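*Asks:* Take a look at this one; I'll ask things after.
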Amino acid sequence: MTEKALGKKELNTKLLALAEEYARLAQEILGENLVSVVLFGSVARGEAHEKSDIDLFIVAEKLPRGAFKRRELLEPIRAHLDSKLEELWRQGIYADFVEIIRTKEEAGRFHPFYLDMTEEAILLYDRDGFFADILERVRKKLQELGAKRKRMGKAWYWDLKPDYKPGEVIDLSL
């Protein structure tokens, strides 16, 4: 059973539910260290297909240095959800979690993927509105610049400053 058999809406609902369960488990396992769990990408947009990743941006108070050590922190969460991912694979839905994990300090600096997050992110967990505040600051910067998100076929891009003049500097620092 694939996306066509499930239907796009049902597929999105299943993957969103899995992301919500991930966020709940992250709260249990990471406890007070967890700051935010943000869903973005095709599942957040409601455009998931049978090969969609479940893209998650995770913010924590304290993290070890290095991607592998950070990934180890998330393994207990993934272990709890492995059987559900395997069931989806048996149905022809090849979803997996793709996590970006940052400290509060790191998350407080602008990252290009924040642009699309202003339009599509789903805050699954956001202690004290930490990441909601970041997204609001990015939205404000985009508004000040007159930025527009434009579609080109199935893709899109950001025209950050439609009235850009050569030599101008576009500052997106937060």
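For the sequence shown, the numbering used here begins at 184 and goes up steadily by one.
Glycine is no exception: its CB is placed at the ideal position from the N, C-alpha and C atoms.
Predicted model, so just to flag it, every value in this text is computed and none were measured.
Using the Cβ count rule (16 or more neighbours within 10 Å means buried), how would you classify Met300?
*Replies:* buried
*Asks:* Excluding sequence positions up to five away, which residues of its chain have a Cβ less than 7 angstroms from the Cβ of Met184?
*Replies:* Note that Met184 has pLDDT 47, beneath the 50 cutoff, so the model's placement of it is unreliable and the number below is only indicative. The residues are Gln274 and Gly275.
*Asks:* Does the distance from the C-beta atom of Val220 to that of Tyr308 stay below 8 angstroms?
*Replies:* yes
*Asks:* Span of the alpha helix (DSSP H) holding Ala206?
*Replies:* It spans Lys191 to Leu213 - the alpha helix (DSSP H) in which Ala206 sits, taken as one unbroken run.
*Asks:* Decide yes or no for the touch test of the stretch 258 to 268 against the stretch 208 to 220: beta carbon pairs closer than 8 angstroms, at least 3 of them.
*Replies:* yes
*Asks:* Would you please state the rounded distance, in angstroms, between the beta carbons of Tyr340 and Lys333? I believe it to be under 8 angstroms.
*Replies:* Their Cβ separation, rounded to whole angstroms, is 6 angstroms, which keeps Tyr340 and Lys333 in contact under 8 angstroms.
*Asks:* Going by beta-carbon coordinates alone, are Phe223 and Phe240 separated by less than 8 angstroms?
*Replies:* yes
*Asks:* Tell me the residue span of the alpha helix (DSSP H) that contains Tyr297.
*Replies:* Tyr297 to Glu303
*Asks:* Would you kindly report the start and end of the unbroken alpha helix (DSSP H) that includes Lys324?
*Replies:* Phe313 to Leu328
*Asks:* Taking Cβ to Cβ, would you say Ile284 is nearer than 8 angstroms to Leu318?
*Replies:* no
*Asks:* Roughly how many whole angstroms lie between the Cα atoms of Leu246 and Val352?
*Replies:* 33 angstroms
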